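Since the structure comes first, as structure tokens, the remarks are kept for the end.
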Amino acid sequence: MGVTAITGQPTVDQVDYAALFAATPSPYLVLSPSLMIVGVNQAYCRATGRTSQDLLGQYLFEAFPDNPADPQANGVRNLSASLERVLATREPDTMAVQRYDIPVPGESGVFEERWWSPVNTPVIRPDGEVAWIIHRVEDVSAFVHARRQRQGDTTAASSQREEGMEAELYARAKELERLNGELRQAHARERQVAITLQEAMLHSPDLARHTNVAVRYLPAIGSLNVCGDWYDTADLADGRFTVAVGDVVGHGLEAATVMGMLRSALSAASRAVAGPAQALEILGLYARSVEGALAATAVTALVDGRSHLIVYSSAGHPPPVLMHRDGTCELLDRATDPPLGARPEHVPRPQAGASYHPGDVLVLYTDGLIERRDEDIDTGLQRLTDALAQCLALGPERLADTLLARLGVSHGARDDIALVVVAL
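Each residue of the sequence shown is one higher than the last, beginning at 313 in the numbering used here.
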């Protein structure tokens with residue numbers, strides 16, 4: 313129940329926040345994490361000449377693309393980078409003044425030059441994830457145009473509105489300069505720690521003995537240089553060896569620490585027990601005692617060169633791909649179980665086998681390689697197998713680089729990526 317106001321004024325729980333949002337004088341958009349427009353106020357509609365019916369349900373950059381007539385246009389790139397930072401850091405991001413031309417309503421292909429001062433602020437859910445992004449802008453086009461005119465007329469006087477805009481922009485620029493300086497200092501410190509930690513934890517002495525195995529690790533764009541994805545190789549007796557990849561939920565040094573603990577535990581278990589299923593059983597039991605390890609995923613495969621057999625087991629991880637010499641691809645998905653620590657009681661994990669022929673290729677990876685925003689995982693798997701079929705006859709190192717390029721993630725993605733390519 314709300315507290316009754318003595319003055320007879322409405323209580324807090326009676327405030328109509330939808331009406332307040334609609335009437336707010338500054339232009340606002342509300343975006344989903346996939347950058348779909350889910351809210352727009354009247355001030356934003358007035359500033360852009362669009363209606364709420366035009367904008368609601370639209371992907372932001374389809375509603376407001378770059379001006380195709382301006383080869384220097386970078387509004388989409390700059391705003392996209394800011395929104396990605398908000399999603400990655402869960403912190404507000406203040407942008408510098410941006411030129412971002414907008415389409416003229418009713419005139420196809422015609423854009424109007426506009427300048428904006430944007431701030432992007434996350435709305436956080438109880439579980440700590442971003443529920444929405446509030447995109448606030450101020451249209452400073454009049455100020456920019458007026459300053460251009462005064463450059464040619466030194467006697468022209470500034471209007472009160474222009475002076476107010478200039479004061480606001482100066483204050484915004486100083487705040488942005490301060491925040492960027494703090495961010496650069498913090499990032500530089502953590503980046504050095506992250507790089508050192510990454511090199512130490514992803515080092516695999518057994519991997520150096522396998523010229524037929526290529527590995528790649530790409531950190532998530534916009535985060536520290538070490539996250540929760542990992543790979544490993546372990547040599548066993550009789551020429552057998554295991555390869556594994558795993559994924560810890562989250563980014564940063566905390567996720568990296570958990571990753572290192574799980575990776576080491578699986579490496580030890582793979583050397584001590586009979587097969588991949590037993591190794592993941594041990595890892596799952598261990599994960600219950602490690603804070604931050606619940607819901608981590610992993611897949612491990614034992615390659616037996618004598619019998620030409622791959623034995624594998626998965627804990628909630630995307631399936632490895634076995635590409636045969638003729639270019640056909642087989643998903644190794646017959647031994648999939650829930651993620652580590654997901655079961656309240658211990659249950660033996662499944663295990664399956666697949667035969668191979670010399671010249672086949674085994675590919676293990678983390679979900680950053682295939683997952684895309686607002687897309688079914690089956691679509692990502694199909695894209696992966698289609699790309700692999702175009703990499704026939706390539707050695708493992710070249711195949712790894714070509715695969716990343718064909719999937720459009722050579723320079724990273726929203727999530728970090730671990731990739732293992734084994735030439736069999």
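In this text, a Cβ means the ideal position worked out from N, Cα and C, and glycines have one as well. Nothing here was measured: the structure is a model prediction, and the numbers come from that model.
Could you tell me the alpha carbon to alpha carbon distance between residue i and residue j, rounded to whole angstroms?
i, j, result
"P656", "L606", "11 Å"
"A317", "V327", "Low local confidence applies: a pLDDT of 42 at A317 is under 50, so the model's placement there is unreliable, and no value is given."
"L621", "V352", "58 Å"
"I414", "V449", "13 Å"
"V350", "L368", "5 Å"
"L711", "A610", "23 Å"
"D547", "E683", "31 Å"
"H658", "I594", "10 Å"
"G692", "G628", "16 Å"
"L341", "A331", "15 Å"
"A334", "D688", "34 Å"
"S453", "D405", "21 Å"
"V431", "R389", "15 Å"
"A577", "D645", "23 Å"
"P517", "Q702", "31 Å"
"T569", "G653", "17 Å"
"A584", "G617", "19 Å"
"V409", "D378", "16 Å"
"Q370", "M348", "6 Å"
"L696", "R661", "27 Å"
"G551", "N386", "54 Å"
"L395", "D686", "16 Å"
Closest to residue i by C-alpha separation, out of the options, would be which residue?
i, options, result
"S579", "V570, A613, D544", "D544"
"G440", "T691, A532, A400, R358", "A400"
"P417", "V435, R362, G369, V398", "R362"
"C641", "A666, L719, V422", "A666"
"L719", "V527, L681, S516, Y356", "L681"
"P651", "E687, A599, G639", "A599"
"T612", "V602, E603, P630, L597", "P630"
"V557", "S626, I446, V602, G604", "S626"
"L736", "P383, R397, S619, Q410", "S619"
"H723", "P531, P660, L644", "P531"
"P337", "D451, N379, V435", "D451"
"A647", "R695, Q590, D698", "Q590"
"L731", "D541, M635, R583, P345", "D541"
"L343", "W444, L634, D727, P632", "W444"
"D727", "T697, L696, Y677", "Y677"
"M635", "F423, L372, D698", "D698"
"Y412", "E419, A359, L509", "A359"
"S572", "A586, S394, A512", "Position check: residue 572 holds Gly in this sequence, whereas Ser was assumed. Among A586, S394, A512, the Cα nearest to that of G572 is on A512."
"L614", "A608, F376, M407, P632", "P632"
"F423", "L565, P380, V721", "P380"
"R426", "H457, A549, R397", "H457"
"V561", "F376, I729, Y356", "I729"
DSSP state of residue i, grouped into three classes?
i, result
"F376", "coil"
"E419", "coil"
"R684", "coil"
"E450", "strand"
"M635", "strand"
"Y412", "coil"
"C641", "strand"
"S601", "coil"
"T612", "strand"
"M407", "coil"
"T691", "helix"
"V388", "helix"
"V456", "helix"
"S557", "Reading the sequence as shown, one finds Val at residue 557 and not Ser. Reduced to three states, the DSSP call for V557 is strand."
"G596", "helix"
"G707", "coil"
"D382", "coil"
"A469", "For A469, the predicted structure reports a pLDDT of 49, less than 50, and the residue's modelled location is therefore unreliable. A value from the coordinates is still provided. Coil at A469, not helix or strand."
"G562", "strand"
"T714", "helix"
"G540", "strand"
"T401", "helix"
"E657", "coil"
"S737", "The chain is shown only over 313 to 736; residue 737 falls outside these bounds and no answer can be derived."
Would you list the residues sitting across from residue i in a DSSP beta bridge?
i, result
"G665", "V623"
"R528", "L731"
"V342", "G351, I446"
"P434", "I445"
"T336", "In DSSP, T336 forms no bridge with anything."
"S429", "E450"
"V675", "V633, V733"
"L546", "The identity of residue 546 in the sequence shown is Ala, whereas the question assumes Leu. Its beta-bridge partners are T554."
"T648", "S626"
"E424", "I414"
"Y371", "M348"
Check your understanding: Three or more C-beta pairs closer than 8 Å, one from the region 670-686 and one from the region 585-600: is that the case here?
Key -> no
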